[in-house]
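Peer 1: If you read the sequence shown in my numbering, its first letter stands for residue 10, the second for the next number, and so on.
The beta carbon of each residue, even a glycine, is placed where N, CA and C say it ideally should be.
Predicted, not measured: the structure shown is a model, and the values here were computed from it.
To start, I am sharing the structure in question, which I have written as structure tokens.
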Amino acid sequence: MIRSSLIFRAVAVACMCTLATSVPEVHYGNFSDIHYLLWTRSNAGNEDHHELHLGDLDDLEASPFQPSQQTYFLIHGFSSSADAEWVLKGKSDLLALYDVNVIAVNWKKLALAPFYIQAVEDVYKVANLTAAFIDWCVQETVLTTSQIEIVGHSLGAHVAGVTGKKVTVGQLARITGTEPAGPLFHNQTSDKILQSTDAAFVDVIHTNGGDVTQECVGLQDALGHVDFYVNGGVRQPGCLVIDSGCCHNRAHDLWVESIRAERPDNPTFTSWPCDTWDDFVNGRCQDCGQGCADMGFHVNRELRGTYFLRTNGKSPFAIGDTQGLEL
Numbered sequence: 010m011i012r013s014s015l016i017f018r019a020v021a022v023a024c025m026c027t028l029a030t031s032v033p034e035v036h037y038g039n040f041s042d043i044h045y046l047l048w049t050r051s052n053a054g055n056e057d058h059h060e061l062h063l064g065d066l067d068d069l070e071a072s073p074f075q076p077s078q079q080t081y082f083l084i085h086g087f088s089s090s091a092d093a094e095w096v097l098k099g100k101s102d103l104l105a106l107y108d109v110n111v112i113a114v115n116w117k118k119l120a121l122a123p124f125y126i127q128a129v130e131d132v133y134k135v136a137n138l139t140a141a142f143i144d145w146c147v148q149e150t151v152l153t154t155s156q157i158e159i160v161g162h163s164l165g166a167h168v169a170g171v172t173g174k175k176v177t178v179g180q181l182a183r184i185t186g187t188e189p190a191g192p193l194f195h196n197q198t199s200d201k202i203l204q205s206t207d208a209a210f211v212d213v214i215h216t217n218g219g220d221v222t223q224e225c226v227g228l229q230d231a232l233g234h235v236d237f238y239v240n241g242g243v244r245q246p247g248c249l250v251i252d253s254g255c256c257h258n259r260a261h262d263l264w265v266e267s268i269r270a271e272r273p274d275n276p277t278f279t280s281w282p283c284d285t286w287d288d289f290v291n292g293r294c295q296d297c298g299q300g301c302a303d304m305g306f307h308v309n310r311e312l313r314g315t316y317f318l319r320t321n322g323k324s325p326f327a328i329g330d331t332q333g334l335e336l
């Protein structure tokens with residue numbers, strides 16, 4: 010937790026500045042620092058990924074890639090990498106349950122701490138290349154955009170959104186934003202952040218939304234077709250008040266847990282449609298029934314609006330349809 014707090018401080022300091030400051034325009038990486046790492050059931054081990062390269066059709070055809078199968082892109086955020094626990098666990102759980110392609114977008118050299126401002130600028134570089142990569146895969150194989158879903162955390166959520174805007178061969182099936190980054194994205198124009206128009210369905214999980222001066226590093230604004238505010242979407246049980254990193258990262262942990270949430274004996278992330286957290290905690294939302302929803306991987310794609318839920322403070326986080334848990 011100490012490391013995540015230090016990262017938060019780096020973000021806070023960076024965001025006291027603006028992109029108009031005299032910070033030298035040094036780029037800490039280039040397109041060669043963006044990697045697409047493929048896993049399938051035939052190469053499911055963490056170290057067994059096959060790196061794909063835009064334009065190398067011979068390698069794509071010789072790889073384990075299955076163009077007829079559903080394809081998931083996982084995109085990490087600031088000060089992270091494709092080796093992040095949530096990426097590897099999410100990959101493993103997806104492949105354990107489904108015969109799919111999982112591609113991690115590794116842009117760690119462009120997302121290095123403490124260079125947050127530079128990482129924000131590089132969001133668009135990563136998104137442009139990822140959109141070109143998707144266009145190429147669709148054009149060269151039988152893969153369609155209706156088979157493609159992206160899950161992005163923090164800055165990776167905005168990479169996912171801009172990727173969806175830039176893809177030219179069709180509309181992506183789904184984008185899941187887990188705690189989209191807030192610093193330098195508040196009041197940003199729609200072409201630069203995750204939006205509901207970026208895919209056929211966009212769902213967002215909020216766990217630390219608010220202003221950076223109050224140690225919140227996510228966006229609290231509703232961005233998707235459906236937005237889930239976990240424990241109110243600001244602070245998370247089990248996290249220290251001063252540890253925004255813990256709250257911020259909780260979102261991707263919840264998404265990973267949700268992959269198995271509908272298996273026997275696993276509770277779901279049951280969520281209630283409601284206008285505000287205050288209404289939710291004071292019992293002013295409708296009773297759970299047809300109006301409730303399961304947050305995460307198995308979400309109903311017809312949902313619209315804002316939903317609230319409680320969770321436990323440690324794994325397993327899901328508590329099903331229990332509203333009365335003390336936070």
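Taking the alpha carbon of M304 as the reference point, which residue from T277, Q204, E188 has its own alpha carbon closest?
Peer 2: Ranking the options by Cα distance to M304, first place goes to T277.
Peer 1: Counting along the chain, where does the beta strand (DSSP E) carrying I112 start and finish?
Peer 2: Residues 110-115.
Peer 1: Measure how close the beta-carbons of V168 and V132 come, nearest whole angstrom, since I'm counting them as under 8 Å.
Peer 2: Indeed they touch by this definition, with Cβ atoms about 5 Å apart.
Peer 1: Which stretch, first to last residue, makes up the beta strand (DSSP E) that contains Y125?
Peer 2: That residue, Y125, is in no beta strand (DSSP E); its alpha helix (DSSP H) goes 125-149.
Peer 1: From which residue to which residue does the alpha helix (DSSP H) around D200 run?
Peer 2: Note, D200: premise wrong, no alpha helix (DSSP H); not H, not E.
Peer 1: Going by beta-carbon coordinates alone, are L181 and T153 separated by less than 7 Å?
Peer 2: It is not a contact, given that the beta carbons lie outside the stated cut-off.
Peer 1: Thinking just about the alpha-carbon of each residue, which of Q245, Q78, K118 is nearest to the one in H44?
Peer 2: With distances taken between Cα atoms, H44 lies closest to K118.
Peer 1: Apart from the five residues just before and just after D102, which ones in its own chain have a Cβ nearer than 8 Å to its Cβ?
Peer 2: Excluding residues within five positions, the ones whose Cβ falls inside 8 Å are V265, I268, R269.
Peer 1: To the nearest angstrom, report how far apart Q148 and A71 are at their CA atoms.
Peer 2: The alpha-carbon atoms of Q148 and A71 are separated by roughly 17 Å.
Peer 1: Would you identify the three-state DSSP class for S324, choosing helix, strand or coil?
Peer 2: Looking at S324 - three-state DSSP - the assignment turns out to be coil, as it is neither helix nor strand.
Peer 1: Please determine if the stretch 129-144 and the stretch 91-105 are in contact, where contact requires at least 3 C-beta pairs separated by less than 8 Å.
Peer 2: No, because fewer than three Cβ pairs between the stretch 129-144 and the stretch 91-105 fall closer than 8 Å, the two stretches do not touch.
Peer 1: Mind the definition here: the stretch 216-224 touches the stretch 234-253 only if three or more C-beta pairs lie below 8 Å; say whether that holds.
Peer 2: Yes, the stretch 216-224 is in contact with the stretch 234-253.
Peer 1: Taking the alpha carbon of N321 as the reference point, which residue from R259, Y81, W48 has its own alpha carbon closest?
Peer 2: The shortest C-alpha separation from N321 is found at R259.
Peer 1: Quick one: grab the DSSP three-state call for I268.
Peer 2: Three-state DSSP puts I268 in a helix.
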